[in-house]
Amino acid sequence: DMMLAQTESSKETKKTVRKNSDDLRRAKILHDGMMHMINKHKVTFAFVEIPTGSQTARAMSSYGICIGILSACPVPMIQLTPFEVKLAGTGIKTATKHEMIEAAFTEPPEAKW
């Protein structure tokens, strides 16, 4: 069982909602999705790739949101490096973003992306 938490901003609200309010809304969607899957499947641990560094203020904000959501994870986490995630996902430790996306669409084929 898989779930894709979609957090796109609405075109109608893009100009009327403050960015930080939209960030909070999106963080809640991701947190609630994580908790739903943990509770539904009685998860006892999780594999996670924790983001590192960022070169822009916007990326740093996203980094903070990721760290905040992960800190709320109620189960023990096994931290993976980007190389480990790429190797497990594609068999190539230096896989590109495109190669990772291609692999995600082929395994498992029934995934509803």
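Residue 101 in the UniProt record's numbering sits at position 101 of the sequence shown, and the numbers go up by one each step.
Cβ coordinates follow ideal geometry from the N, Cα and C atoms, glycine included.
Assuming residue i and residue j make a contact with CB atoms under 8 Å, what is their CB distance in whole Å?
i           : j     : result
Ala103      : Thr94 : Not confirmed; about 13 Å, so no contact.
residue 116 : Ser61 : The structure shown does not extend to residue 116, since the chain is modelled only from 1 through 113, so no value can be given for it.
Ile69       : His31 : 5 Å
Gln79       : Val48 : 6 Å
From what residue to what residue does the beta strand (DSSP E) around residue i run?
i      : result
Glu107 : Taken as a continuous stretch (DSSP letters only), Glu107 belongs to no beta strand (DSSP E), as it is neither H nor E.
Val85  : No beta strand (DSSP E) contains Val85, which is instead part of the alpha helix (DSSP H) from 82-90.
Can you have a look at residue i and say buried or exposed, based on whether 16 or more other CB atoms are within 10 angstroms of its CB?
i     : result
Met34 : buried
Lys42 : exposed
Lys40 : exposed
Lys97 : exposed
Lys86 : buried
Taking the straight line between their C-alpha atoms, what separation do you get for residue i and residue j?
i      : j     : result
Arg58  : Val17 : 17 Å
Thr44  : Ile50 : 18 Å
Lys28  : Ile92 : 33 Å
Pro74  : Ala46 : 10 Å
Lys111 : Glu8  : Reading off the sequence shown, one finds Ala at residue 111, where the question assumed Lys. Each residue's alpha carbon lies about 20 Å from the other.
Met3   : Met37 : 8 Å
So what does residue i bridge to, in DSSP terms?
i     : result
Phe45 : Note: Phe45 sits in no beta bridge, so no partner.
Gln79 : Val48
Nearer than 6 Å: is that true of the beta carbon of residue i relative to any heavy atom of the ligand NAD?
i     : result
Ser21 : Inclusion of the ligand NAD in the displayed structure is not the case, the ligand content being empty and no account of it being possible.
State the start and end residues of the unbroken alpha helix (DSSP H) segment that holds residue i.
i      : result
Ala27  : 19-40
Ala111 : It is not in any alpha helix (DSSP H) - Ala111 carries neither H nor E in the DSSP assignment.
Met60  : 57-71
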